[in-house]
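Numbering (full-length UniProt numbering), first residue to last: 1 to 506.
Beta carbons are placed, not taken as given, at the ideal position from N, Cα and C, and that holds for glycine.
Because the structure is a prediction, the values reported are computed rather than measured.
So the structure is just underneath, and the comments pick up after that.
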């Protein structure tokens, strides 16, 4: 959907909102408001002006329980009245004001508490897209996500609109004749789904104008002619999470007696991961170890003094010995003398995924830890997250991955009320630190930096979630294409290039 789904707000290269997008936003800390004004001429692909009601409707879709949206979070509920709407206690969102009525272009958001990241894209507190109310209003919320109006005939205000959909194969996009910046440069975009095994050959034969590299195939394609290679470090990381609780009644509830709720065990497992060796052997130098849960791309929020868990079997063994995980035969037992079997859930992936996971299992075995794959094999993506989200008892630890917001606050990932806190860990200290980094005091930049650093040290020590690695993302672009850029200031939002700028050179 990247060719039509444009964010309402433009940003600079540090993801800070500017006035160059489809709408402007002005955050007023003292008044506790965010004023959004959609520009005149920003139209849906049927020619209708995008309105304040369209913006409110996007909030309604997210917050209405019948829509079963995964986007509703405690951060979004900072908008006055959103929680009451979510709980069915109110029919409207009291904190969403439309001064000029539903058909006007202005909306004023009233917040309970102002947050320091509210001027930054993907801050979690301000939604950045609209939904076509006039087009979808006759569809009940419970049918919305399965509706043909969403799945087959969606409407956009971005540069291109969907012309044809062949599910699982391709989509065809043509210019949105009502696009507010003018006519896009390309007559048609055809986006195809291909077998990963075909990617390398497709690149070498110049079959596509834009295609992402599968890193494990890099050596096969790196000498391809007639293309440019565009590399970036995405805002993401893979991680090892330990299940220590459950999701109950809208919050994470930690079980103090959970198998993995033993800090020494978690720390030792971290020291058993030879991430640098794996990167060198399997990724041709295109992946690298990540030391903390706040990536380096976040500048001074990143704490360079937190080194994480580098491979050290000796240290891991010492920690286990000291904590009472004694060896009984080939494997260690729990401090209470009971057998210890740790079940690891990991996703299917590239051809290297199986040997990488088996490598980690063998490293842990060297420390006397009996780690087995959940179900005896790698798990398909959807089945994996079904188990993780539903706290399947067959999972003790899991290797997942995050694609991060451009606002560095980790509240939506690791907060007490965050459904995405899949480890289900909750501590008073963690809640305190997360609250402080998004508090009024954190409008002081140094205070917020210090808080981020303290949180990274705390999470590193507690080891409920261990960052593992990140990868360079490489995109192959036909040399005849111009205007393709991954800079945030040139984006349509969500890391996608602004396809309006892309053209063929003559």
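query                                                                                                    : result
Proximity of residue 22 and residue 263 at Cβ, strictly below 8 Å                                        : no
Pair within 8 Å by beta-carbon distance, residue 121 and residue 11                                      : yes
Residue of 217, 345 and 301 minimising C-alpha distance to residue 285                                   : 217
The segment 336-353 / the segment 379-399 touching (three or more Cβ pairs under 8 Å)                    : yes
Beta-carbon proximity of residue 309 to residue 368, cut-off 8 Å                                         : no
Cβ pair residue 468, residue 238 closer than 8 Å                                                         : yes
Residue 580 vs residue 67 beta-carbon contact at 8 Å                                                     : Within the shown structure, residues of the chain are numbered from 1 to 506, placing residue 580 beyond reach of any answer.
Cβ neighbour criterion (16 or more within 10 Å) applied to residue 170                                   : exposed
Entirely enclosed beta strand (DSSP E) segments - the segment 386-414, minimum 3 residues                : 397-403
Under 8 Å between C-beta atoms of residue 3 and residue 499                                              : yes
Where residue 16 sits in the DSSP three-state scheme                                                     : strand
Buried/exposed call for residue 381, threshold 16 Cβ in 10 Å                                             : exposed
Complete alpha helix (DSSP H) runs within the segment 124-166 (minimum length 4 residues, chain order)   : 133-136, 141-144 and 148-151
Whole runs of the beta strand (DSSP E) within the segment 194-241, excluding any shorter than 3 residues : 210-212 and 227-232
Residue 508 vs residue 52 beta-carbon contact at 8 Å                                                     : Since the first residue shown for the chain is 1 and the last is 506, residue 508 is missing from the structure and cannot be characterised.
For residue 176 and residue 425, the rounded distance between their alpha carbons                        : 46 Å
Reduced DSSP secondary structure (H/G/I, E/B, other) of residue 422                                      : coil
Segment limits, beta strand (DSSP E) that includes residue 189                                           : 189-192
With 16 other Cβ atoms within 10 Å as the buried cut-off, status of residue 18                           : exposed
Which residues DSSP lists as bridging residue 27, in chain order                                         : 34
Unbroken beta strand (DSSP E) run spanning residue 431, endpoints                                        : First-last for residue 431: 428-437, but that is the alpha helix (DSSP H), not the beta strand (DSSP E).
Test item: CB-CB of residue 294 and residue 116 under 8 Å                                                : no
Proximity to residue 25 [Cα-Cα], best of 8, 31, 450 and 233                                              : 8
Environment of residue 151 [buried if 16+ CB atoms lie within 10 Å]                                      : exposed
6 Å CB neighbourhood of residue 123 in its chain, flanking five on each side removed                     : 117 and 407
Assigned exposure category for residue 337 - 16 Cβ within 10 Å defines buried                            : exposed
Bridge partners - residue 111, DSSP secondary structure assignment                                       : 79
Sequence-distant residues of its chain with Cβ nearer than 8 Å to residue 211 (five each side left out)  : 199, 202, 203, 475 and 476
Under the three-state DSSP convention, the category residue 53 falls into                                : helix
Proximity of residue 130 and residue 54 at Cβ, strictly below 8 Å                                        : yes
N-terminal and C-terminal residue of the beta strand (DSSP E) that residue 465 is part of                : 465-467
Runs of beta strand (DSSP E) wholly within the segment 295-366 (minimum 3 residues, chain order)         : 341-346
First and last residue of the uninterrupted alpha helix (DSSP H) at residue 276                          : 275-282
In DSSP terms, what residue 379 is bridged to                                                            : 347
Backbone CA spacing between residue 153 and residue 50 [nearest angstrom]                                : 18 Å
Contact set for residue 38: own chain, Cβ-Cβ below 6 Å, skip 5 residues either direction                 : 23, 50 and 105
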